[in-house]
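*Asks:* Sending over a structure as structure tokens; questions will come in a sec.
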Amino acid sequence: MAKAYDSLNPTSELSTGLVTFGARSNIPPDAVMLSREAALKHQLELYAKWRPKRDVWPITHGATISGIAAAFSGAVLNAMFRKHYVLQRIGVFATTMPNIVLPGAVAFITGSLSMHDIILMDTECIACTQAKAMAFQVGFGVIYPCIMAPVSCLMIAARCFTYPVPPLSTHYKDIFADIRRVFRRRSSTLAGLTALQFIVSFGLLHMQMKSVFKVQRKLAEQ
56 MAKAYDSLNP
66 TSELSTGLVT
76 FGARSNIPPD
86 AVMLSREAAL
96 KHQLELYAKW
106 RPKRDVWPIT
116 HGATISGIAA
126 AFSGAVLNAM
136 FRKHYVLQRI
146 GVFATTMPNI
156 VLPGAVAFIT
166 GSLSMHDIIL
176 MDTECIACTQ
186 AKAMAFQVGF
196 GVIYPCIMAP
206 VSCLMIAARC
216 FTYPVPPLST
226 HYKDIFADIR
236 RVFRRRSSTL
246 AGLTALQFIV
256 SFGLLHMQMK
266 SVFKVQRKLA
276 EQ
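Residue numbers for the sequence shown, in the numbering used here: 56 to 277.
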């Protein structure tokens with residue numbers, strides 16, 4: 056199988072065209088063969104220049120929305136444990152980077168990769184792509200901050216004496232029990248954050264596929 060870019064309207068300002076899959080024997084003689092990287096570059100340029108913008112916003116802004124959703128969950132969990140360990144303004148940067156910036160950045164990257172597969176239609180299993188995207192979104196939007204937020208805040212609290220933290224080597228069970236109590240008290244918040252990540256991931260992928268089909272249909276009609 057090979058990817059082919061069939062230029063349907065080479066005189067258009069958008070340089071529009073279709074990226075399709077096909078056996079070499081079935082590719083039209085005027086088609087231009089592209090590598091995956093070249094096809095992806097073409098598609099990204101096509102969607103960036105597409106008008107009206109409302110047709111393609113899930114593609115052009117989807118990864119950013121994924122990153123913001125993950126960063127929001129990280130911010131909520133970061134604030135939760137900063138308050139629990141009475142950190143006030145202590146170590147703001149030290150907890151913001153791992154709990155907010157990092158999950159947001161990684162979710163942006165994984166969201167971009169999933170979107171690339173969608174716009175190239177480079178997947179044999181849409182359900183698998185959706186499941187993988189949701190796993191990454193929940194993993195970096197909820198699970199990772201649930202681990203990193205208490206750990207980073209606990210370390211600062213122990214170093215700055217803002218909260219009575221017993222020695223980890225001898226009282227690790229008490230420390231973990233204290234963290235579990237925080238999660239138990241805020242279980243509804245955790246459930247809401249998890250649901251948010253699922254909804255954002257599934258909703259974006261669904262809308263991205265609709266955008267791809269809409270653009271392909273409009274290109275075919277030209």
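Just so it is clear, CB atoms sit at the ideal spot from N, CA and C, and this is done for glycine as well.
Determine the burial state of GLN277: buried for a count of at least 16 other Cβ atoms within 10 Å of its Cβ, exposed for fewer.
*Replies:* Working through the sequence shown from its first residue, we reach residue 277 at position 222. Burial call: exposed.
*Asks:* So the candidates are LEU274, GLN263, ARG272; which of them puts its Cα closest to the Cα of ILE174?
*Replies:* Translated into positions along the sequence shown, residue 174 becomes position 119. Ranking LEU274, GLN263, ARG272 by Cα distance to ILE174 puts GLN263 first.
*Asks:* Which two residues bound the contiguous alpha helix (DSSP H) that contains ILE155?
*Replies:* Here the question's residue 155 lines up with position 100 in the sequence shown. Looking at the DSSP string, ILE155 is not in any alpha helix (DSSP H), and its letter there is neither H nor E.
*Asks:* As a quick exercise: from SER207, THR165, TYR102, pick the residue whose alpha carbon is nearest that of LYS138.
*Replies:* Here residue 138 corresponds to residue number 83 of the sequence shown, with the count starting at 1. Considering only alpha carbons, the answer is SER207.
*Asks:* With a threshold of 8 angstroms, are at least 3 pairs of Cβ atoms found where one atom belongs to the stretch 211-226 and the other to the stretch 139-149?
*Replies:* The stretch 211-226 vs the stretch 139-149: in contact.
*Asks:* Which class does MET88 belong to by DSSP, given the choice of helix, strand or coil?
*Replies:* On the sequence shown, residue 88 is found 33 positions in, with the first residue counted as 1. The answer is strand: DSSP assigns MET88 an E or B state.
*Asks:* In three-state terms, what does DSSP make of ASP177?
*Replies:* For the purposes of this step, residue 177 is taken as the residue at position 122 of the sequence shown. Coil.
*Asks:* For a quick check, are the C-beta atoms of ALA186 and GLY122 less than 8 angstroms apart?
*Replies:* As a first step, residue 186 must be located in the sequence shown, where it is residue number 131. As a first step, residue 122 must be located in the sequence shown, where it is residue number 67. Taking 8 angstroms as the Cβ cut-off, ALA186 and GLY122 do not qualify as a contacting pair.
*Asks:* Report the residue from SER90, ALA125, ALA103, THR151 whose alpha carbon sits nearest the alpha carbon of ILE254.
*Replies:* Within the sequence shown, residue 254 is the residue found at index 199, counting from 1. Per the Cα distances, ALA125.
*Asks:* Considering Cα atoms alone, identify which of ILE181, ARG239, HIS261 is closest to CYS201.
*Replies:* The residue labelled residue 201 in the question sits at position 146 within the sequence shown. Out of ILE181, ARG239, HIS261, ARG239 has the C-alpha closest to the C-alpha of CYS201.
*Asks:* Report the rounded CA-to-CA distance for ALA134 versus GLN252, giving the unit in angstroms.
*Replies:* The sequence position of residue 134 within the sequence shown is 79, counting from 1. The sequence position of residue 252 within the sequence shown is 197, counting from 1. Cα to Cα, the separation comes out at about 18 angstroms.
*Asks:* Considering only the alpha carbon of each residue, which of PRO158, ALA188, LYS269 lies closest to SER169?
*Replies:* Here residue 169 is taken as the residue at index 114 of the sequence shown, counted from 1. With distances taken between Cα atoms, SER169 lies closest to ALA188.
*Asks:* Quick check on the DSSP output: what are the complete beta strand (DSSP E) runs of length 3 or more inside the stretch 83-136, in order along the chain?
*Replies:* Qualifying beta strand (DSSP E) stretches: none in this window.
*Asks:* Do ILE155 and ALA118 have their C-beta atoms closer together than 8 angstroms?
*Replies:* Numbered from 1 along the sequence shown, position 100 holds the residue referred to as residue 155. Numbered from 1 along the sequence shown, position 63 holds the residue referred to as residue 118. Contact flag unset, no.
*Asks:* Give a yes or no on whether the C-beta atoms belonging to LEU260 and ILE120 are separated by under 8 angstroms.
*Replies:* Within the sequence shown, residue 260 is the residue found at index 205, counting from 1. Within the sequence shown, residue 120 is the residue found at index 65, counting from 1. For LEU260 and ILE120, no; Cβs fall outside 8 angstroms.
*Asks:* Using the Cβ count rule (16 or more neighbours within 10 Å means buried), how would you classify HIS116?
*Replies:* Looking up residue 116 in the sequence shown gives position 61. Classification of HIS116: exposed, given that the 10 Å Cβ count is below 16.
*Asks:* Tell me which same chain residues have a C-beta within less than 6 angstroms of the C-beta of TRP105, skipping the five on either side of it?
*Replies:* Position 50 of the sequence shown holds residue 105. The answer, listed in chain order, is VAL111.
*Asks:* Quick one, are the C-beta atoms of VAL223 and ILE230 less than 8 angstroms apart?
*Replies:* On the sequence shown, residue 223 is found 168 positions in, with the first residue counted as 1. On the sequence shown, residue 230 is found 175 positions in, with the first residue counted as 1. The sequence given here places Leu at residue 223; Val does not occur at that position. Cβ distance < 8 angstroms, so LEU223 and ILE230 count as in contact.
*Asks:* Three-state secondary structure (DSSP) at GLN263?
*Replies:* Taking the first residue of the sequence shown as position 1, residue 263 is located at position 208. The answer is helix: DSSP assigns GLN263 an H, G or I state.
*Asks:* Express the C-alpha separation of SER90 and ILE164 in angstroms, rounding to a whole number.
*Replies:* As a position in the sequence shown, residue 164 is number 109, starting the count at 1. As a position in the sequence shown, residue 90 is number 35, starting the count at 1. Taking the straight line joining both Cα atoms gives about 21 angstroms.
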